[in-house]
Structure formats: C-alpha cells, structure tokens
Amino acid sequence: MGFLRSRGIETDKAAFDFRFTGAEKAVGDRILEANRILPGTPLAAILPAAAWSLKGWPTARWNALAEALKTRFGVRSISVAKPGGRPADKAAARELSPEIVRADKTSLREAMALIQRCRLFIGPDSSLLHLASCMGVESIGLYGPTSPGKFYPYFHKENTVTTDRKLDCMPCYPRFENFPCGKEPHRLYGVCMESLSVEKVLAAAEGRLQAVGAA
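Numbering (this note's numbering), first residue to last: 934 to 1148.
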C-alpha cells in the first residue's frame, strides 16, 4: 500500500485478479473426475510438504486431518504438493493416505486454478499459502520456524496456527539462534511443527468452514 501511495494512488485495500484459461481449469476437472469427486463436493487444498522441510508437518498428521475433514464435514482433501527428492518429500509421497487426492503433476497455474475452487487451503508458510490467500480462498497457515506476525497470509492473518508448546527457538528464521533442529541433520520436521496437534488445526479449519457455510 505504501508503494502505491508513493506513486500517487490512494487505496486502503489490496485486490488481486487471478484469471485462468479453460485449459488450466480443465486439468482440475480431470483430476476430480479421475478420483470420482462429485460436482459440488466441498474441497480443501493441502500442502503436505515445504521447500524448507523443517516448516513441514508430519504426513501422519495430514492423513488424520484429511480423515477428520471428510468424516465430520464431508470435505475432500487434495494435495497440491510437488514430488521432490528430499527425505520429507519421499515420506509424504510414500505415506500419504489414498483418501487424499494427489494433484502433484500440475503446473503452478493449474494448481492455482484448482486451489481457487476449494473452500479451504491449509499448509505451511509457503508460496502457495500466500497465493491462495490472495485469491480469496480461506487460508490456514501452519507456522513454527517462521514468524506468523511477519509472514502471514495477506488476507488471513487471523488464520495462522502455531503449537501451544513454549519453545525458546521459535521462530528460528532468519537468525537461527538457539536452533536445536540444526544439530540434527536427519530430522524431517521442526520440533515446533511436530508439536502442532491435529486437533488445533482441525479447530481452525472448522471455524473457517463455518465462515463459508460448509460446516
């Protein structure tokens, strides 16, 4: 906003206009049809991976969250995580529940077109979290290594979730002071993210689903 005002443009609210081609939207149609997801089924896009693996959330928690969303609210979960070669990526690819639809072969714009039709986006601090928020999708950010006060999803600052456990190292980025995870080279996820419960994320999801009339 400050940048716009410096150029003589007065506004108190940002707006983003994302538009996708018919071909980009059709990729999502094919993914849903292939997984027998009926039209009108409420969807949640999830990101069970992170570019920095310590920001990720354990795959078993994603599976439990997806099961609870389906059982309690009839919401089907779609993973928009791209396959990678790191241990955490391999764990997610290997252990992700078959109940979670995989949309891992899309381009960025195809993934965004699919996210745009979802009721929710749930994921760690990531580019897709911020894009989902800017597209107006109810976005829930899972935070630990990075500060939700600085790196929150633009339109959904109130939807950030962190562990209730008090950890002196949070957030470790960017200073990396008192950084216990850095001393464990084989650690898949940050201690802070491992301490984040399914129940707390589910409660946040329920609140946002109620806000959009899907719970």
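In this text, a Cβ means the ideal position worked out from N, Cα and C, and glycines have one as well.
Asked                                                                                                                                                 : Found
Is the Cβ of threonine 954 closer than 8 Å to any Cβ of chain B?                                                                                      : Looking for chain B here will not work: only one protein chain is present.
Going by DSSP in three states, arginine 1035 sits in which element: helix, strand or coil?                                                            : strand
So what's proline 1020 in DSSP terms, helix, strand or just coil?                                                                                     : helix
What is the residue span of the alpha helix (DSSP H) that isoleucine 927 lies within?                                                                 : Absent from the structure is residue 927, since the part of the chain shown begins at 934 and ends at 1148.
Give me the Cα-Cα distance between arginine 1108 and glutamate 1139, rounded to the nearest whole angstrom.                                           : 34 Å
Within 8 Å, do at least three Cβ pairs link the stretch 1109-1124 to the stretch 1082-1089?                                                           : no
Measuring from the CB of leucine 1061, is there a heavy atom of the ligand MG at a distance below 7 Å?                                                : Of ligands this structure carries none, so the ligand MG is not represented either.
How would you call leucine 971, buried or exposed, if buried means at least 16 neighbouring beta carbons within 10 angstroms?                         : exposed
Give, in chain order, every unbroken run of the beta strand (DSSP E) that is at least 3 residues long and sits entirely within the stretch 1055-1132. : 1071-1075
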